[in-house]
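A short write-up of the structure that comes next.
Number of protein chains: 2
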Amino acid sequence: MEDIGIVGVGQSNFSRRCSISIKELAFEAFKEAMDGLEIANKDIGASIICSSLYDKQRSAENPIAEYLGLNPRPTFLIENACAASSTGLRVAWSLIKSGLHKIVAVVGIEKMSGQTSREAAEMMGRAYDITWESSFGLTMPAGYAMHARAHMAKYATTEEQLAKVRVKNSYYSVKNPKAAYQKALSLEEILDSMPVSLPLKMLDCCANADGASCIILAEGDIAKEITRIPIWISGLGAASNTGVARRESFTSLVCAKEAANQAYSMAGVDPRDIDVAEVHDCFTIAEIMAYEDLGFAKQGEGPRLIEERETYLEGKIPVNVDGGLLCKGHPIGATGGSQIRTIVMQLRGEAGEVQVKDAEIGLVHNIGGIGHYANVTILRR
Amino acid sequence: MEDIGIVGVGQSNFSRRCSISIKELAFEAFKEAMDGLEIANKDIGASIICSSLYDKQRSAENPIAEYLGLNPRPTFLIENACAASSTGLRVAWSLIKSGLHKIVAVVGIEKMSGQTSREAAEMMGRAYDITWESSFGLTMPAGYAMHARAHMAKYATTEEQLAKVRVKNSYYSVKNPKAAYQKALSLEEILDSMPVSLPLKMLDCCANADGASCIILAEGDIAKEITRIPIWISGLGAASNTGVARRESFTSLVCAKEAANQAYSMAGVDPRDIDVAEVHDCFTIAEIMAYEDLGFAKQGEGPRLIEERETYLEGKIPVNVDGGLLCKGHPIGATGGSQIRTIVMQLRGEAGEVQVKDAEIGLVHNIGGIGHYANVTILRR
Chain V
61 MEDIGIVGVG QSNFSRRCSI SIKELAFEAF KEAMDGLEIA NKDIGASIIC SSLYDKQRSA
121 ENPIAEYLGL NPRPTFLIEN ACAASSTGLR VAWSLIKSGL HKIVAVVGIE KMSGQTSREA
181 AEMMGRAYDI TWESSFGLTM PAGYAMHARA HMAKYATTEE QLAKVRVKNS YYSVKNPKAA
241 YQKALSLEEI LDSMPVSLPL KMLDCCANAD GASCIILAEG DIAKEITRIP IWISGLGAAS
301 NTGVARRESF TSLVCAKEAA NQAYSMAGVD PRDIDVAEVH DCFTIAEIMA YEDLGFAKQG
361 EGPRLIEERE TYLEGKIPVN VDGGLLCKGH PIGATGGSQI RTIVMQLRGE AGEVQVKDAE
421 IGLVHNIGGI GHYANVTILR R
Chain Z
61 MEDIGIVGVG QSNFSRRCSI SIKELAFEAF KEAMDGLEIA NKDIGASIIC SSLYDKQRSA
121 ENPIAEYLGL NPRPTFLIEN ACAASSTGLR VAWSLIKSGL HKIVAVVGIE KMSGQTSREA
181 AEMMGRAYDI TWESSFGLTM PAGYAMHARA HMAKYATTEE QLAKVRVKNS YYSVKNPKAA
241 YQKALSLEEI LDSMPVSLPL KMLDCCANAD GASCIILAEG DIAKEITRIP IWISGLGAAS
301 NTGVARRESF TSLVCAKEAA NQAYSMAGVD PRDIDVAEVH DCFTIAEIMA YEDLGFAKQG
361 EGPRLIEERE TYLEGKIPVN VDGGLLCKGH PIGATGGSQI RTIVMQLRGE AGEVQVKDAE
421 IGLVHNIGGI GHYANVTILR R
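Just so you know, the sequences run in chain order V and Z.
Throughout the first sequence, residue numbering follows this note's numbering, covering 61 to 441 in sequence.
Throughout the second sequence, residue numbering follows this note's numbering, covering 61 to 441 in sequence.
And the structure:
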């Protein structure tokens, strides 16, 4: 199945980028992805723009594609909440596999600073069912706080264990020049931070950001020609979940489990084969649930993994050694692409100080909404 | 290439549907598409929701997919202005062709009545480049009026010829119980209607509407099993265009020409082989340009086609005999799916009073924005 490769990855700095347009932001990521590739813009057969469009520009795919020099090739936009750009990767894979295109660019983009925090929170609220969820006051932190409470009640998970996820991710954030927050935090700083939706405090939560990512995929033979080290797409899994109100369990995300099973099965590997992973740590509890949903730990044993430092670089499965969403910031549509970029750099051996030695197989876990959508992608050198 | 079939099509009534939610609206189309199909909801491997989200619900794919009983299968949203649901068809085709899924549902949806006309016009304006286009007052009718003026200047096209497109489409609209406007109009009524952006008058323009469409696609062997008359996807073409300000020519839509060439080439047919067509008549001039861009008439000779009634049922190439966007109304994300439904019904021989005799090959031309995006799809019985 490994006949489609990732040939280019790029990312803008993630932070508050008030002064530039989404077109310029997209260009930063696109330029990095194209650097060193032996192709011209006209060789890209289609582009997929992935975004929740917090910016005022609607139908952003045409202004962006034209700015990147990708006209007159087809372009369209995919929205899938925070999972948009990994869904973009899945669709791009299909467009190539089906024979419609040979090279496809997936551009993730979000500019959230054009809205006040209150406006952005209101827009984000309308991403879940406006009849039964956001209208009753459900917010993103509140949804994940329910998951955290359930995990604490069933498995005696502690606030310290949650905070230790942020300690790890912030420890690595100082090595990532593109992260919005590059500062190692102490356990106390995290535990003492302002309550948001208890047990989640300010530093248990990722922050909005402006940013762009870009992934370029190519059909196998072309991939080998145009880049030095293509990274192969080995497993793809995707699933959705019910609205929050209708879930049977709050101790895991069933769609993530389902997506992981599909991806492992397609790649013919199991959790022990994964050398390095990026998981969707929009909140600290989300990373702990991901350990379990992906099979890195048994159900209920996720907290032990962080306690025992097994997800640090020296541990058995390094996770989010680029700082994660918690420290990079979370520009909705761009996040999945940023996670994929991190794993591609690891598998190429280009991850610098946070390189996982001899990494051969990597995994990306990208979630949309409060576990409404899940994509799991397995990549191989 | 004809190994993927359309097995089900559905459409809600298009009109002002203030009192129902987008979930209920989607269900009307989905139910019709599933009627008579020998499958259950759980057999649908993925759903694609196609919309520009004029409704307040953001990330509508999950609320809709859950309401339709399509969880926990993956679902995502495609936005591509007015071309969204034909782009959805293209992507669904790829998802099946690539082996990821066997049956995919494409749901087009738009609910525009929750906004005032002024709000909707403002949102629509932000669908083209907000830096260089809508900020200078460009609106959808103004964009197409520029195309109309250019065609009049170069080919001596008249306002009467434009109006005759609406005469034809309104003549057929009375046979379409799902159209928002079911009334035959006289040439005088159209010419005397209120100026909008001259030469385009009120009745040269389609109107906003609420509505949903649904297309269900299946892999070939399954298609033959689960439905009586599968309709095969024979040609697919897609392209984009620059922003309006940077176009070399205003007498045609270059992206439509390009998409048509791709589709004809993939299907191995030429314009003379097409028995019946649906074209994107968001404005009367758009249908005339479509005649030329699709090769039904030579460049500049589109007006003669309508003058000579060649696009009526008795003519050489019947076009928009369901009333077109002009009479059905234009619920952005749902329109492409409605066009596809019309052609599928024609090829199945189920078009009733507007049936084109022995129709074997049909074409759908679906445009986004002011010719920013184009999809051309060729279907075959």
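Think of the CB as a built atom: it goes at the ideal place given N, C-alpha and C, for glycine as much as any other residue.
| Looking at the unbroken alpha helix (DSSP H) that takes in residue 135 of chain V, where does it start and where does it end? | Premise fails: residue 135 of chain V lies in the beta strand (DSSP E), 135–139, not in any alpha helix (DSSP H).
| query | Got a sec? Which residues, its chain only, sit under 7 Å from residue 134 of chain Z by beta carbon, not counting five neighbours each side? | reply | 106
| said: Counting only beta-carbon separations shorter than 7 Å, does residue 77 of chain V have a partner in chain Z? | reply: no
| query | Cβ of residue 222 of chain V within 7 Å of Cβ of residue 345 of chain V? | reply | yes
| task | Consult DSSP for residue 294 of chain Z and reduce its assignment to one of helix, strand or coil. | result | strand
| Inter-stretch contact (C-beta, 8 Å, three-pair minimum) for the stretch 385–392 of chain V and the stretch 362–369 of chain V | no
| Span of the alpha helix (DSSP H), counted from its first residue to its last, around residue 245 of chain V | Note, residue 245 of chain V: premise wrong, no alpha helix (DSSP H); not H, not E.
| Range of the contiguous alpha helix (DSSP H) that encloses residue 178 of chain Z | 177–185
| field | Burial state of residue 247 of chain V (16 or more Cβ within 10 Å) | value | exposed
| query | For residue 166 of chain V, which beta-bridge partners are listed by DSSP? | reply | V:108 and V:275
| request: Label residue 358 of chain V either buried or exposed according to how many other C-beta atoms from any shown protein chain fall within 10 Å of its C-beta, with 16 as the threshold for buried. | output: exposed
| Distance between beta carbons of residue 438 of chain Z and residue 294 of chain Z, contact taken as under 8 Å | 5 Å
| request: Could you tell me whether the Cβ atoms of residue 109 of chain Z and residue 99 of chain Z are closer together than 7 Å? | output: no
| message | So, at 6 Å on beta carbons, what are the nonlocal neighbours of residue 351 of chain V in its own chain, with the 5 sequence-adjacent residues on each side left out? | response | 357, 362 and 365
| query | Around the C-beta of residue 504 of chain Z, are 16 or more other C-beta atoms found within 10 angstroms, so that it is buried, or is it exposed? | reply | With chain Z running from 61 to 441 in the structure shown, residue 504 of chain Z is simply not present.
| said: Between which residues of its own chain and residue 379 of chain V is the CB-CB distance below 6 Å, once the five residues before and five after are set aside? | reply: 337, 339 and 371
| Is the Cβ of residue 39 of chain Z closer than 7 Å to any Cβ of chain V? | Residue 39 of chain Z cannot be examined here, being either before or after the span of chain Z that is shown, 61 to 441.
| field | 8 Å contact criterion, which residue 166 of chain V and residue 143 of chain V should meet: CB distance rounded | value | Rounded, the Cβ-Cβ distance is 13 Å, inconsistent with contact.
| said: Does chain Z have any CB closer than 7 Å to the CB of residue 126 of chain V? | reply: yes
| field | Inter-residue Cα distance where the pair is residue 112 of chain Z and residue 187 of chain V | value | 14 Å
| Nearest to residue 335 of chain Z (by Cα), restricted to the options Z:305, Z:423, Z:400 and Z:251 | Z:423
| task | For residue 159 of chain V, count neighbouring C-beta atoms within 10 Å of its own C-beta (all shown protein chains included) and say buried if the count is 16 or more, exposed if not. | result | exposed
| Would a check of beta-carbon distances place residue 404 of chain Z closer than 7 Å to chain V? | no
| request: Could you tell me which residues DSSP puts in a beta bridge with residue 351 of chain Z? | output: For residue 351 of chain Z, which the question treats as bridged, DSSP gives no partner whatsoever.
| In chain order, what residues of the same chain have a beta carbon less than 6 Å from the beta carbon of residue 217 of chain V, not counting five sequence neighbours either side? | 211 and 363
| Alpha-carbon to alpha-carbon, residue 79 of chain V and residue 175 of chain V | 13 Å
| said: If you measure between the beta carbons of residue 74 of chain V and residue 228 of chain V, is that distance less than 7 Å? | reply: no
| Can the beta-carbon of residue 202 of chain V be found less than 7 Å from the beta-carbon of residue 429 of chain V? | no
| field | Of the residues V:433, V:318 and V:86, the one placed nearest residue 303 of chain V, counting alpha carbons only | value | V:433
| query | By how many angstroms is the C-alpha of residue 64 of chain Z removed from the C-alpha of residue 280 of chain Z? | reply | 5 Å
| So which residues on chain V does residue 282 of chain Z lean against when the C-beta distance must stay under 9 Å? | The contacting residues do not exist; residue 282 of chain Z stays about 17 Å from chain V at best.
| said: So, at 7 Å on beta carbons, what are the nonlocal neighbours of residue 193 of chain V in its own chain, with the 5 sequence-adjacent residues on each side left out? | reply: 303, 304 and 305
| message | With distance defined between alpha-carbon atoms, name the residue in V:399, V:104, V:85 and V:261 nearest to residue 286 of chain V. | response | V:104
| field | DSSP-derived helix/strand/coil call for residue 299 of chain V | value | strand
| query | Can you name the residues that DSSP bridges to residue 423 of chain V? | reply | V:337 and V:438
| field | Buried/exposed call for residue 70 of chain Z, threshold 16 Cβ in 10 Å | value | buried
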